[in-house]
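Asks:
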Amino acid sequence: MGEEILINFTPMETRVAVIENGMPQEVYVERVHRRGIVGNIYQGKVVRVLPGMQAAFVDIGLERAAFIHVEEVLPQNASHEEKNNTSIAQVLREGQALLVQVTKDPIGTKGARLTTHLSLPSRYLVCMLGNSHVGVSQRIEDLEERDRLRNIVHSLIKEEDGEPAGFILRTVAEGAAEAELKADIQFLRRLWASIKEKISTAKAPSIVYEDLPLNMRALRDMAHSGLERIRIDSRETFQKAEAFVRDLVPEVTDTLEYYPGERPIFDLFNVEEEIQKALGRKVELKSGGYLIFDQTEAMTTVDVNTGAFVGHRNLEETIFKTNLEAATAIGRQLRLRNLGGIIILDFIDMEDPDHQRQVLRTLERVLERDHAKCKVMGVSDLGLVEMTRKRTRESLEQVLCDVCSECQGRGSIKTPETVCYEIFREILRQHRAYDTDSYLVLAAQPVVDYLLDDASNHVAELEAFIGKTIRFQVEPMYNAESFDVVLR
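Residue numbering for the sequence shown is 334 to 821, as defined by our numbering.
(1) What is the DSSP secondary structure of Cys737, reduced to helix, strand or coil?
(2) Is it a yes or a no for the region 478-495 touching the region 409-427, going by three-plus beta-carbon pairs under 8 Å?
(3) So, are the CB atoms of Thr725 and Val371 less than 8 Å apart?
(4) Taking all protein chains shown into account, do 16 or more other C-beta atoms lie within 10 angstroms of the C-beta of Lys443, making it buried, or fewer, making it exposed?
(5) Does the region 377-389 come within contact of the region 457-470, defined as at least 3 CB pairs closer than 8 Å?
(6) Under the rule that 16 or more other beta-carbon atoms within 10 Å means buried, what is Gln689, buried or exposed?
(7) Taking Ile490 as part of the beta strand (DSSP E), name the residues at either end of that continuous run.
(8) Taking 8 Å as the cut-off, decide whether the C-beta atoms of Phe342 and Asn603 are in contact.
(9) Given that a residue counts as buried once 16 or more other Cβ atoms are within 10 Å of its Cβ, and exposed if not, what is Leu589?
(10) Could you compute how far the alpha carbon of Gly559 sits from the alpha carbon of Arg702?
(11) Flag this pair as touching only if the region 781-790 and the region 744-754 have three or more C-beta atom pairs under 8 Å; answer yes or no.
(12) Run through DSSP, which three-state label would Thr655 get?
(13) Under DSSP, the beta strand (DSSP E) around Ala498 begins and ends at which residues?
(14) Looking at the unbroken beta strand (DSSP E) that takes in Ile625, where does it start and where does it end?
(15) I want to know whether the region 709-719 touches the region 674-682 - three or more CB-CB distances under 8 Å.
(16) Once you ignore the five residues that flank Val780 on each side, which residues in its own chain have a CB closer than 8 Å to its CB?
(17) Between the region 521-537 and the region 344-360, can you find at least three pairs of beta-carbon atoms closer than 8 Å?
(18) So which of Gln806, Ile799 and Glu759 has the shortest CA-CA distance to Gln778?
(19) Consult DSSP for Tyr754 and reduce its assignment to one of helix, strand or coil.
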């Protein structure tokens, strides 16, 4: 079984799943009211220059100002010395208009990240404006093919009269004919000409170019001749996709398929079930071991445990097999959850260096299939595997979930016993400060139950100590940690 792409479209939301060997590997969700803005180009306005951070805040029309570093303002060919010795205040001033492109969506409390090094993607190429470099994706490994592609683009650039622009050949360009690359270059030139027209009349802050919606981006960036099928469950989206593919990705025209089935498209290959699992902390392994994922603002940690798996031969063999299975599962989960930034993997300690190497090799092999750029640093002195995965958009959890109103993202809440002792301390504080006949405690049901049952002796002792009666009332709207002590 090969690779498939499923596109589930509704007017409010588009979802795309990448299936490999019958298993969901990647899931992307885009909601109309909060579409990602990576790739969008804005006429922005510098609102604050921060020399101490070598950065500036730029208003691009969002509720939160976006952030740009001095490196993203200086020319791409600037020397290391120039980048180190140039102050942001020398190149930007407050109130200045600045043409910028978004490289990272706003994530959590962080604003969008920007660059002035504009790029426009097409099927086979990424056009780097104001640059003259021609590069080839590292994933095209054949040296002859790399040279062939580079030579074709160099000769096509010479034929064109447009303003200077560099190009990077994308992975899907492998095997592309000269005519296809020429069509791509002409398309990118036309697109840039239309953007420049908008820029000439745009007032800051305003958008001058918006990247394609998710369903079209999936066809542009993920579709390739090795695909078995691309199924789309909306007839209108399918018709638009047909026209788009005919112009831009003709080699996948035959794989495009309208899916009219009564069974929801994401029920095929259990995509819905896998999304629910990807929102949980725990991932079960077939061997009986399990993984624990913890996503924080600074990094993501993954803990590997043997669980119920005790193996048949010896402990070292058990640990090795669990770690091998975990490495494969981690590679898939990082893609499925779209986790990025710093990732720390805590495999079970292995004594045998050969076992360590094999587990690392397995992890690297799984990550080779990842669309996002990954870098594995090896095993640290503490036995942890440190790696990074390029993050441009929010993770699946950040798109689909909100911070828990009960625990405020801590992942735990105080026990009824802890809240009960807080209530006792508050009653004593109020007893010293005010004169009253009695107290009424308003709290959630589990807390009141604990006070009237397990803590009833302590309540009686407190009443005797302060010489006042204490009554309790359940407040259904209170969360487990909320309470009020009312003077009566």
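Cβ atoms here follow ideal geometry from the backbone N, Cα and C, with glycine treated the same way.
Replies: Inspection of the coordinates gives the following:
(1) On the sequence shown, residue 737 is found 404 positions in, with the first residue counted as 1. DSSP places Cys737 in coil when its eight states are reduced to three.
(2) no
(3) Position 392 of the sequence shown holds residue 725. Position 38 of the sequence shown holds residue 371. Against a cut-off of 8 Å, the Cβ pair of Val371 and Thr725 comes out as a contact.
(4) As a position in the sequence shown, residue 443 is number 110, starting the count at 1. When all chains shown are included, Lys443 counts as exposed.
(5) no
(6) As a position in the sequence shown, residue 689 is number 356, starting the count at 1. Gln689 comes out buried.
(7) Along the sequence shown, one-based indexing puts residue 490 at 157. Where Ile490 is concerned, there is no enclosing beta strand (DSSP E), although the alpha helix (DSSP H) it sits in stretches over Leu476 to Glu492.
(8) Residue numbering aside, residue 342 sits at position 9 when the sequence shown is read from its first letter. Residue numbering aside, residue 603 sits at position 270 when the sequence shown is read from its first letter. No, the pair does not count as a contact, with Cβ atoms beyond the cut-off.
(9) Translated into positions along the sequence shown, residue 589 becomes position 256. When all chains shown are included, Leu589 counts as buried.
(10) Reading the sequence shown from its first residue, position 226 is the one you call residue 559. Reading the sequence shown from its first residue, position 369 is the one you call residue 702. Distance between the alpha carbons of Gly559 and Arg702: 13 Å.
(11) yes
(12) Against the sequence shown, residue 655 aligns to sequence position 322. Correct three-state label for Thr655: helix.
(13) The residue you call residue 498 lines up with position 165 of the sequence shown. That run of the beta strand (DSSP E) goes Ala498 to Leu502.
(14) What you label residue 625 is simply residue 292 of the sequence shown in a count that begins at 1. Tyr623 to Gln628 is the span of the beta strand (DSSP E), which, as asked, contains Ile625.
(15) yes
(16) Residue mapping note: residue 780 aligns to position 447 of the sequence shown, counting from 1. Contacts found: Pro749, Val752, Cys753, Ile756, Ala813 and Phe816.
(17) no
(18) Here residue 778 refers to the residue found at position 445 when the sequence shown is read from its first residue. Cα-wise, what sits closest to Gln778 is Gln806.
(19) Your numbering for residue 754 matches position 421 in the sequence shown. Helix at Tyr754.
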